[in-house]
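Worksheet: the structure to be examined is printed underneath.
Chains as they are written, first to last, in this note's numbering: chain R, 1 to 266; chain B, 267 to 775.
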């Protein structure tokens, strides 16, 4: 018993040393007529165990493109994004994503949407179903399994999106402006839940990378902030946020961090 | 043709604006327009041309008739466009107008017309293709023993060349037609559409070939008469009662359909005679036996045509659905293929008829199949393409992020995403198929009444033969049967499918 827990401790210690996601000197150019437009310029960042990382910057700085490179949806022109030291050349099961516009299938119920990415091939379908029900339960949608997305509110839709991303048991969760399509009150509510939902010993998730342009949201949620410049996006600042959770938005320390990020943005 | 287009736009503006601004006009115009556009125009044409010719004999009359036919084929679509556009003018604009005390004319000129322009431009593209079909079909019309043709026209030229076995000239004529189509579509219509873009209030996702018929359905839904036909899908809470309800509706449908058919059959003869004699033409040879036999053959012919259309529709689905999805999923393929498809699709099927006859060695059934296929396939393909294109790009990312297999992505994402547009396209396609029957099932060249190709039974054939003989009784019976059955079918079958799909398979609800 104690031996095994020792082993886990040692293991996690080593793991903590090594970033799970590392982006190394990434350039991205779009081809345009005969020349090309640079989108990202020598961007580097890392995300380690139990870290909540935020990427921010002005509109069009390429922050969403950066996230898509990490997801394996896009290839960088130069440099590489790596998952545990192996370059990300395609999408992979360990990396999951929550979308700005939810991207639920309107013709499937909440439960079926969560089950959609599951490969039922090897597993017992009932077990899969149970796991997905659990995921729905965790995001606070117990009793809504058989409801179609059209009958859910925006906040609930995003909760289904989060449950879907959690159910595949990824190590890395990417979120592209996850609160942007929600009204302020709903977003506030979901933000309060999300950190403990994602970063806790019961989930498989080791690190979260979020793209956002809402500075308050970033200070509320993240441990590590990467600020990009206007196009082409370069890293102009990195901020470590060391505040106890849950964070008090009215505290001086909180607004100091906000000011610091704003100073990089302007 | 341009005269017809101008008339159509004028008509559309008047009716569309009236319907959108006044409740009473709306109640009258919208259902009327809808019935008018779902009936086979070509079937009615002989009756119309006879009437016009009795007033204006000679070339003038023929030209008026042709313009009228093209007008009827184009105007409904545009009128619905105007109606929709005026309906969707943001209220603030109207309030602004009434606050500045502008006159009614000012309002029409400065708000309604500009607001409708982009829809007019857009719907004109569809209408033009349809109009071209009728142009070619109508330029040659045989009636009784005499053939009325306009002196000059591409349709006339084509048939002349084909019947003289002059295939070189025929090819030149086809090429000329294609070039004209390209110039018209990509120079004039495109410019018109682009120019009118700036008159849009809001950016809206473009949808191709939206069938106004469906707008009518949703309009009827809000009216009490329709409660009889209406299915209200339950929210899935109580499956059992909803199943029970469904059966109740089916029984209701059956009863209504049976009663309708009985009533129609009962008044059938009277109705036909009434209509015919109302036109001032009393046929000398009405006998009961003729009527019975006529009635028989009309129904049999309808059944044959019905079957013919549905098996060809099945082929269209098998070909068009996957093709449409594949084309629109691949960016590069879409960019190259879709303009080509647009050109090919606007070549009117009747113009190709002689060629089709040549290819099929004159088999009547094969000719009919190909013509009907051509009439339908574009609606299916273009609508599926529009449906898949309107799928947000995020869904492709979704499939990749979660490494969904291609097979599951097709079954769970791409096909469902195209379903609504596919049903819309199907309704339009089948409507177009009914129209094409008149050309497809019985094909004669220019001056001879002897058919080049024909099918054994078919309502289109019955109509054409009756037209040739000047047999107005059979003609009216056939056209009325066809119209009633088509409308009944639309109201029962299509309506159900349409509502089911729009309820389940739509984004952003």
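In this text, a Cβ means the ideal position worked out from N, Cα and C, and glycines have one as well.
For residue 771/B, the chain R residues whose Cβ falls inside 8 angstroms of its Cβ are 106 and 107, in order along the chain. Taking the beta carbon of residue 101/R as reference, the chain B residues within 8 angstroms of it are 658 and 660, listed in sequence order. Around the beta-carbon of residue 571/B, 16 or more other beta-carbon atoms lie within 10 Å, marking it buried. Put simply, the CB of residue 620/B is far from chain R, with every gap to its CB atoms at 8 angstroms or more.
Counting only residues of its own chain and dropping the five nearest sequence neighbours on each side, residue 751/B has a CB closer than 7 angstroms to the CB of 568. Neighbourhood of residue 153/R in chain B, by CB distance below 7 angstroms: empty, with the nearest CB roughly 12 angstroms away. In this structure, the alpha-carbon of residue 179/R lies about 47 angstroms from that of residue 755/B. DSSP places residue 41/R within a strand segment (E or B) once states are collapsed to three.
Setting aside the 5 residues that flank it on each side, residue 729/B is surrounded in the same chain by 309, 704, 741, 744 and 745, each with a C-beta closer than 7 angstroms to its C-beta; the list follows chain order. Restricting attention to 173/R, 191/R and 156/R, the CA atom closest to the CA of residue 92/R is found in 173/R. Contact annotation: in the region 661–680 of chain B, residues whose CB is within less than 8 angstroms of a CB in chain R are 661, 663, 664, 666, 667, 668, 669, 670, 678 and 679.
Looking at 35/R, 47/R and 72/R, the one whose alpha-carbon comes closest to that of residue 222/R is 47/R. The beta carbon of residue 682/B sits closer than 8 angstroms to some beta carbon of chain R. Contact annotation: residue 65/R and residue 176/R have beta-carbon atoms that are not nearer than 8 angstroms.
Distance from the Cα of residue 45/R is smallest, within the candidate group 58/R, 27/R, 35/R and 36/R, for 27/R. Residue 224/R and residue 217/R have their alpha carbons spaced roughly 13 angstroms apart. At least 8 angstroms separates the CB of residue 47/R from every CB of chain B. Per DSSP, the continuous alpha helix (DSSP H) segment holding residue 639/B begins and ends at 630–655. The beta carbon of residue 156/R sits no closer than 8 angstroms to any beta carbon of chain B. 8 angstroms or more divides the Cβ of residue 396/B from the Cβ of residue 378/B. By the 16-neighbour rule on beta-carbons within 10 angstroms, residue 252/R is exposed. Residues of chain B with a Cβ closer than 8 angstroms to the Cβ of residue 73/R are, in chain order, 663, 666 and 667. Taking 8 angstroms as the cut-off, the beta carbon of residue 390/B is found closer than this to the beta carbon of residue 344/B.
Under the Cβ criterion of 8 angstroms, residue 116/R is counted among the residues facing chain B. Nearest to residue 29/R by C-alpha distance, out of 200/R, 232/R, 212/R and 53/R, is 232/R.
Against chain B, the CB of residue 159/R has no partner CB under 8 angstroms away; the residue lies outside that interface. Here the alpha carbon of residue 76/R sits roughly 25 angstroms from the alpha carbon of residue 205/R. With contacts defined as CB atoms closer than 8 angstroms, residue 55/R and residue 226/R qualify as a contacting pair. Within the same chain, Cβ atoms closer than 6 angstroms to the Cβ of residue 88/R are found at 72 and 81, the five residues on either side in sequence being excluded. Separation of the CB atoms of residue 97/R and residue 593/B is rounded to 28 angstroms, and the pair is thereby denied contact status at 8 angstroms. By the CB criterion at 8 angstroms, residue 105/R and residue 679/B fall inside the cutoff. Assigned with DSSP and collapsed to three states, residue 590/B falls in helix.
Residues are counted here when their Cβ sits less than 8 angstroms from a Cβ of chain B; for the region 185–217 of chain R the count is zero.
Against residue 97/R, the close residues of chain B are 667, in the order they occur along the chain (beta-carbon pairs closer than 7 angstroms).
Scanning the region 66–103 of chain R for uninterrupted beta strand (DSSP E) segments of 3 residues or longer gives 78–83 and 95–98, listed from N- to C-terminal end.
Cβ neighbours of residue 264/R within its own chain (closer than 8 angstroms, five residues either side excluded): 227, 236, 237 and 239.
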